[in-house]
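Here the structure is laid out as structure tokens; the discussion comes afterwards.
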Amino acid sequence: MSDKVRIGIIGVGQIGKQHINKYAAVPEAEIVAVADIREDEARSVAEANGIPSIYSDYHELLARDDIQSVDVCLHNRLHAPVTIDALEAGKNVYCEKPMSWLYSEAKRMADAAERTGRMLHIQLSTIYAPEARAARRLIQDGHLGDIYYAKSSHYRRRGRPYVDGYGTPQFVQKSASGGGTMLDMAVYHIARMMWLLDNPPLISVSGSTYQKLENIYADRRDGGGYNVEELGMALVRLGGGITYFMEEAWAIQGDQPDGDHIFGSKAGVRVDPLAYFSTLSDMEMDATFDVKQADWRWHQCDPLTAGYDESQRHWVWAQLGRVPL
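The numbering of the sequence shown is the working numbering, which starts it at 5 and goes up by one.
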């Protein structure tokens, strides 16, 4: 088996450039082509990164037999059609989050991966944080006992795409993105929580979304076609008697949120910064932990730990058969 994975990038906007930069830290990744309908931009990115081939039609990239893997870095509504085309062309696919703008489209992507026997991976970087992996160890080893409640609370004080100064208007237009902060940011924290809880079955969801900060940069808000939520929250019932509450905001008039917490019959854990809460001999104990030191030790004692340092490294190593996907 080759020690390199030959990759084509589809879409070289803000996200595509970020992915290209991250592959530079993965020696086993070799980017051999980029595709973008803006041919001048594709050429500029290719020249800046030493990528030999450019295409304005991604189908031409997919037709190459020497490309094993593609990275889809497009707006949410394009994830499913392009991913399915790539899977059916025999490529493994890494796709920017969210998986898609609709559940039905995401299901089509998963079905296509199963049907074609190709690998499909979604960019969900928060799963790979050392703190998350340490929290998962505590949970899997039974140190929390019977888990019954979890919560995720994440805010940006001011961070609406385009409106507050970064990103393009398509991020805040439902016709391109399908949604706002829930599809852009909440997916990270929902995915991490479900991974920590070992993916219990979903029973029910109730929630609300809001767009209320109408007078802050109203000209950019209105001029950018802003029609998605900036705040969302949900109460989720999961299998095993677990209740999960989550809230996410691009912008909100409030203090810093308190992150991800999981509560069990024996103890509770806060994910980042990592802390463990228990009661011993009728005394409440709050324990912190040097995650960096432990992560260094885990890397020294098990070299495959490095395969889970970052989403794109995991993706490449999985294709080389070094670690499971």
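Every residue, glycine too, gets a C-beta built ideally from N, C-alpha and C.
(request) Note down, in chain order, each residue of its chain lying with its Cβ closer than 7 Å to the Cβ of Ile-207, except the 5 sequence neighbours on either side. (result) The answer, listed in chain order, is Arg-241, Leu-242, Gly-243.
(request) Give the straight-line distance between the Cα atoms of Gln-72 and Gly-94, rounded to the nearest whole angstrom. (result) The alpha-carbon atoms of Gln-72 and Gly-94 are separated by roughly 8 Å.
(request) Tell me whether the beta-carbon of Ala-253 lies closer than 8 Å to the beta-carbon of Leu-235. (result) yes
(request) Sort Ser-60, Leu-124, Ser-57 by Cα distance to Ala-84 and report the nearest one. (result) Leu-124
(request) Leaving out five residues on either side along the sequence, give the residues of the same chain with a beta carbon under 8 Å from the beta carbon of Val-327. (result) Leu-308, Gly-311, Tyr-312, His-318, Trp-321
(request) May I have the straight-line CA-CA distance separating Ser-157 from Asp-264, to the nearest angstrom? (result) 6 Å
(message) Buried or exposed, going by whether 16 or more other CB atoms sit within 10 Å of the CB of Ile-55?
(response) buried
(request) With DSSP as the reference, label Tyr-27 as helix, strand or coil. (result) Here Tyr-27 sits in helix by DSSP.
(request) Please state if the CB of Leu-65 and the CB of Gly-366 are separated by a distance shorter than 8 Å. (result) Any answer about residue 366 is impossible in this case: the structure gives the chain only from 5 up to 329.
(message) My output table needs one value for Met-198: the three-state DSSP class, helix, strand or coil.
(response) helix
(request) Kindly give me the distance between the Cβ atoms of Ile-58 and Arg-47, rounded to whole angstroms, as I take these residues to be in contact under 8 Å. (result) 5 Å
(request) Enumerate in chain order the residues of its own chain whose CB-to-CB distance from Val-209 is below 7 Å, with the five nearest sequence positions on each side excluded. (result) Ala-238, Val-240
(request) Return the chain-ordered list of same chain residues with a C-beta closer than 6 Å to the C-beta of Ala-195, the five sequence neighbours on each side being excluded. (result) Short of 6 Å from the beta carbon of Ala-195, and not among the five residues preceding or following it, lie these beta carbons of its own chain, in chain order: Leu-128.
(message) What does the alpha-carbon distance come out to for the pair Ala-298 and Pro-173?
(response) 42 Å
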